[in-house]
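In this note's numbering, the protein residues as written are 330 to 608.
Read through the structure below, which is laid out as structure tokens, and then see the notes.
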Amino acid sequence: MTGPRWRGVDAVVLDTDGVITDSARIHAAAWKTAFDACLRVHPPDDPAARRPFDVRDDYLRHVDGRSRQDGAAAFLASRGLRLPKGSPDDAPGTDTVGAVAAYKERLFTQRLREQGIDAYPGTARLLRLLRDRAVPLAAVSASRHARELITRAGVLPCFDVLVDGAEAARLRLPGKPEPALFLEAARRLGVPPERAAVVEDALAGVEAGRRGGFALVIGVDRTAGPGTGDALLEHGADVVVRDLAELLPAGRDRPCEPAVPAEPPTAPAAPQPEAPPED
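The following block contains the structure:
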């Protein structure tokens, strides 16, 4: 790939599921169980819309990067289902959007405890390099599980800032593709969006980065599915990589040091566009 335009980037904001941790597979499997149950109970009028939830295409197009409520509503609408909205406090079930989202949440929590998660090795190496170069880092997620996921993956010390679903609810921030989560992360880092990069694997996420006016939007396509990389570019990515290891120079790999909660330092621009910012 041609090196992304790191020049002028002083901070990096990364999505969690599918970028930092391999938890997207657990999310997708939980959504499949919940949505397939809903489709059986409430079969759409169109026979073609009764097909099972696809853990790659449907996940990426409708739910990846969105809050549970927004993701459930988007997928059900794509199949022509107009269930009552319900509430985020609904019991798990299939009769309201809130109930389907709650069903998915219960399944995800169970499977997370059973299976565990890891950080992607290429992402972990890039985080260590950026920490070594004193680049401020933020993790962002629409999920309330983000802190637990990043902690379990062993990379929480890499981050200066975490903005998750709990913070989004507290601050009443709209979900992706609105850029509010990313903008809040940049604000907390003390870096304007035009001096920060966003790293995302979701269509809604790269669109949020574009809408937010970020200097660089890096799309991550781990599926290698037909058209996925092109879709990320169409939705706002400046460049698409298969793995964040593609952004690494050779020979850097060490554990993260604890992030300092003080005012984050600003890294000078990189002398070469194919490497992350240098000191």
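Here a beta-carbon is modelled for each residue, glycine too, at the ideal position from N, C-alpha and C.
CB-CB under 6 Å to residue i, same chain, minus the five flanking residues each way: which ones, in chain order?
i: Ala531; result: Asp393 and Gly394
i: Ala495; result: Arg473
i: Ala430; result: Arg397, Gln398 and Ala401
i: Gly415; result: Thr425, Val426, Gly427 and Ala428
i: Thr452; result: Ile349 and Leu573
i: Lys361; result: Phe382 and Val384
i: Pro584; result: Below a pLDDT of 50, predicted positions are generally treated as unreliable, and Pro584, at 41, falls in that range; no measurement from the model is reported.
i: Pro503; result: Ala509
Express the C-alpha separation of residue j and residue i in angstroms, rounding to a whole number.
i: Asp559; j: Asp447; result: 27 Å
i: Ala527; j: Arg501; result: In the sequence under discussion, the amino acid at residue 527 is Val, which differs from the Ala named in the question. For Val527 and Arg501, the distance between alpha carbons rounds to 21 Å.
i: Leu343; j: Ala514; result: 10 Å
i: Arg411; j: Arg539; result: 30 Å
i: Pro373; j: Pro413; result: 15 Å
i: Leu510; j: Arg380; result: 33 Å
i: Gly519; j: Ala482; result: 26 Å
i: Glu434; j: Gln444; result: 15 Å
i: Arg442; j: Tyr432; result: 16 Å
i: Arg516; j: Gly541; result: 12 Å
i: Ala340; j: Glu563; result: 24 Å
i: Arg476; j: Ala406; result: 30 Å
i: Gly565; j: Phe404; result: 21 Å
i: Ile557; j: Arg551; result: Residue 557 is actually Thr in this sequence, not Ile. Going by the C-alpha atoms only, they are around 9 Å apart.
Identify which residue in the options has its Cα closest to the Cα of residue i.
i: Phe382; options: Ala357, Asp374 and Leu458; result: Ala357
i: Ile547; options: Asp572, Pro450, Ala553 and Gly554; result: Asp572
i: Ala363; options: Val549, Phe437, Ser407 and Thr557; result: Phe437
i: Pro555; options: Ala359, Leu512, Arg385 and His371; result: Arg385
i: Val549; options: Gly565, Glu536, Thr557 and Val570; result: Val570
Between residue i and the rest of its own chain, which residues show a CB-CB distance below 8 Å, the 5 nearest in sequence each way excluded?
i: Arg581; result: In this prediction, Arg581 scores a pLDDT of 48, lower than 50, which makes its location untrustworthy; the coordinate-derived value is nonetheless stated afterwards. Here the set comprises Arg454, Arg457, Leu458 and Asp461.
i: Ala544; result: Arg334, Gly337, Val338, Pro522, Glu523, Arg524, Ala525 and Ala526
i: Pro450; result: Ala574
Would residue i pass as an interface residue toward chain B - the criterion being a Cβ-Cβ separation below 9 Å?
i: Glu529; result: Here chain B cannot be found, since the structure has a single protein chain.
Quickly, what does DSSP pair residue i with across the bridge? List them, please.
i: Val341; result: Leu466 and Ala526
i: Gly548; result: Glu529 and Val569
i: Thr557; result: Bridge partners of Thr557: none, in fact.
i: Leu456; result: In the DSSP output, where bridge partners are listed per residue, Leu456 has none listed.
i: Leu368; result: The partner list for Leu368 (beta bridge, DSSP) is empty, contrary to what the question assumes.
i: Leu491; result: Ala468
i: Thr480; result: None; Thr480 has no bridge partner.
i: Asp346; result: Thr350
i: Ala448; result: Thr350
Can you list, in chain order, the residues of its chain whose CB lies under 7 Å from that of residue i, leaving out five sequence neighbours each side?
i: Gly409; result: Pro373, Asp374, Asp375 and Ala378
i: Asp346; result: Ser352, Ala353, His356, Ser470 and Ser472
i: Gly534; result: Asp344, Gly394 and Lys505
Original post:
Is it a yes or a no for the region 383 to 391 touching the region 419 to 431, going by three-plus beta-carbon pairs under 8 Å?
Top reply: no
Original post:
Three or more beta-carbon pairs under 8 Å between the region 339 to 353 and the region 361 to 369, yes or no?
Top reply: no
Original post:
Can at least three beta-carbon pairs, one atom from the region 480 to 490 and one from the region 463 to 472, be found at a separation below 8 Å?
Top reply: yes
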